[in-house]
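Engineer: Take a look at the following structure, please.
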Amino acid sequence: MRFGLDVAQQRLPWDEVVSRVRFAEDLGFDGAWGFDHLQPMYGDGPGEAFEGMATLAALAGATTRIRLGLLVAGVTYRHPSVFAAEAMTIDHASHGRLELSLGAAWFDKEHTELGIPFPSTGARFDLLEDALEIVTRLFTGDVVSYTGKVVSLRNAQLRPVPVQRPHPPIWIGGNGPRRTLPLVARYADVWHAWGTPDALRAANERLDELVVEAGRDPSAVVRASSLSLDDLATARRHAAKWRDAGYGYLVCGWPDAGRAQVERFAQEVLPEFPA
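Here you go:
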């Protein structure tokens, strides 16, 4: 099993963001995860919130081993072609350490306040579907024409191709049976879901069916979820349940107790769950 660490970057000064990611790298976590928002989502008053893709680009040069991602990149913030070019650049800057997530976005407050269009839920999922198709096609390096529901391309091409072939691992999160799971089945290398193994059993089984219908092997889609580190005994027990249910990746939340708790988890629990 692999473990990533959510560095909880909102309301942190830049040096602390970098310090936490290097800390996770030194402790042996597989990945470090930030968020993709332009404003803090909790707390009072103004606070630091560094743009997600630029953050990953900077972290690529500040680290050497740990993989880097956002949970999750919202499709409303960037044109899909621009997003593909940013991702390709980060993949090269990190020498192939990018985890590429995509989601339909949800934080309407920052969209409204910053003047970013926030379409209906259906329209955002249409944009997500277009973005997944556009990104995967542009990553081939070929000339691409595509007629989408929201975004279309005409004789488009991006070079160079990403370091990771055919593309960085694509993460899609959510349990929605009508729009999300079919997109996971078609495009995702990793499905990230919230809940418990028992609560997600039906969605997991349905995803297997959809992956087969899409002509893929269900084992090609890694199952991922999240893990609280606030109590290490509980974290150990829950990690074992996720592993036994076939999940291969857990994103660990930054605990209230801070670095000492993260370090204890890395020393006492991580060795029990080899990759």
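Mapping of the sequence shown onto my numbering: residues 964 to 1238, in sequence order.
All residues carry an ideal CB built from backbone N, CA and C; glycine is no exception.
As the structure is a computational prediction, the values presented were derived from the model and not from experiment.
Any idea what DSSP makes of Leu1116, helix, strand or coil?
Structural biologist: By 1-based counting over the sequence shown, the position of residue 1116 is 153. Leu1116: strand per DSSP, three-state reduction.
Engineer: According to the neighbour-count rule (16 or more other Cβ atoms, all chains shown, within 10 Å of its Cβ), is Asn1118 buried or exposed?
Structural biologist: Residue numbering aside, residue 1118 sits at position 155 when the sequence shown is read from its first letter. With fewer than 16 Cβ atoms within 10 Å of its Cβ, Asn1118 is classed as exposed.
Engineer: Considering only residues of the stretch 979-1033, which uninterrupted beta strand (DSSP E) runs meet the minimum length of 3 residues and lie entirely inside it, listed in chain order?
Structural biologist: 994-997 and 1030-1033
Engineer: Taking Ile1079 as part of the beta strand (DSSP E), name the residues at either end of that continuous run.
Structural biologist: Counting from one through the sequence shown, the residue named residue 1079 turns up at place 116. Here Ile1079 belongs to no beta strand (DSSP E), and DSSP marks it neither H nor E.
Engineer: Under 9 Å, do Met964 and Gly1137 count as touching if we go by C-beta distance?
Structural biologist: Counting from one through the sequence shown, the residue named residue 964 turns up at place 1. Counting from one through the sequence shown, the residue named residue 1137 turns up at place 174. Taking 9 Å as the Cβ cut-off, Met964 and Gly1137 do not qualify as a contacting pair.
Engineer: Excluding five sequence neighbours on each side, which residues of the same chain lie with their C-beta closer than 7 Å to the C-beta of Leu1173?
Structural biologist: Here residue 1173 refers to the residue found at position 210 when the sequence shown is read from its first residue. Leu1144, Pro1145 and Ala1148.
Engineer: Opposite Trp1154 in the DSSP bridges: which residues?
Structural biologist: Residue numbering aside, residue 1154 sits at position 191 when the sequence shown is read from its first letter. Its beta-bridge partners are Ile1135 and Arg1186.
Engineer: Taking only the alpha-carbon atoms, compute the straight-line gap between Gly1158 and Asp1171 and give it to the nearest angstrom.
Structural biologist: By one-based count along the sequence shown, residue 1158 stands at place 195. By one-based count along the sequence shown, residue 1171 stands at place 208. So the alpha carbons of these two residues sit roughly 18 Å apart.
Engineer: Check the DSSP bridge columns for Ser1191 and list the partner residues they point to.
Structural biologist: The residue given as residue 1191 occupies position 228 in the sequence shown. Ser1191 is not bridged to any residue.
Engineer: Am I right that Trp1134 and Gly1032 are in contact with their C-beta atoms under 8 Å? What's the rounded C-beta distance?
Structural biologist: On the sequence shown, residue 1134 is found 171 positions in, with the first residue counted as 1. On the sequence shown, residue 1032 is found 69 positions in, with the first residue counted as 1. 7 Å between Cβ atoms; contact.
Engineer: Could you check how far apart the C-beta atoms of Arg983 and Val970 are, in whole angstroms? I think they sit under 8 Å.
Structural biologist: In the sequence shown, counting from the first residue as 1, residue 983 sits at position 20. In the sequence shown, counting from the first residue as 1, residue 970 sits at position 7. Confirmed, Cβ separation roughly 4 Å.
Engineer: Which residues does DSSP pair with Tyr1212 in a beta bridge?
Structural biologist: The residue labelled residue 1212 in the question sits at position 249 within the sequence shown. Answer is Arg965 and Ala1187, bridged to Tyr1212.
Engineer: According to DSSP, Val1107 sits in a beta bridge with which residue or residues?
Structural biologist: One-based indexing of the sequence shown puts residue 1107 at position 144. Answer is Ala1119, bridged to Val1107.
Engineer: So is Tyr1040 buried or exposed if we call it buried at 16+ other beta carbons inside 10 Å?
Structural biologist: As a working mapping, residue 1040 is identified with position 77 in the sequence shown. The residue in question, Tyr1040, is buried, as its Cβ has 16 or more Cβ neighbours within 10 Å.
Engineer: How many angstroms separate the CA atom of Ser1012 from the CA atom of Gln1002?
Structural biologist: For the purposes of this step, residue 1012 is taken as residue 49 along the sequence shown, with counting starting at 1. For the purposes of this step, residue 1002 is taken as residue 39 along the sequence shown, with counting starting at 1. Per the sequence shown, the amino acid found at residue 1012 is Ala instead of Ser. C-alpha separation (whole angstroms): 5 Å.
Engineer: Could you check the C-alpha separation between Gly991 and Ala1229 for me, to the nearest Å?
Structural biologist: Locating residue 991 in the sequence shown gives position 28, where the first residue counts as 1. Locating residue 1229 in the sequence shown gives position 266, where the first residue counts as 1. Each residue's Cα considered, the two are about 7 Å apart.
Engineer: Report, in whole angstroms, the separation of the C-beta atoms of Asp1054 and Gln1127, which I expect to be a contact under 8 Å.
Structural biologist: Here residue 1054 corresponds to residue number 91 of the sequence shown, with the count starting at 1. Here residue 1127 corresponds to residue number 164 of the sequence shown, with the count starting at 1. Rounded, the Cβ-Cβ distance is 6 Å, consistent with contact.
Engineer: Label Thr1027 either buried or exposed according to how many other C-beta atoms from any shown protein chain fall within 10 Å of its C-beta, with 16 as the threshold for buried.
Structural biologist: Position 64 of the sequence shown, counted from the start, is the residue given in the question as residue 1027. The residue is exposed, with fewer than 16 neighbouring Cβ atoms inside 10 Å.
Engineer: For a test of the three-state rule: what should DSSP assign to Ser1044, helix, strand or coil?
Structural biologist: As a position in the sequence shown, residue 1044 is number 81, starting the count at 1. Looking at Ser1044 - three-state DSSP - the assignment turns out to be helix.
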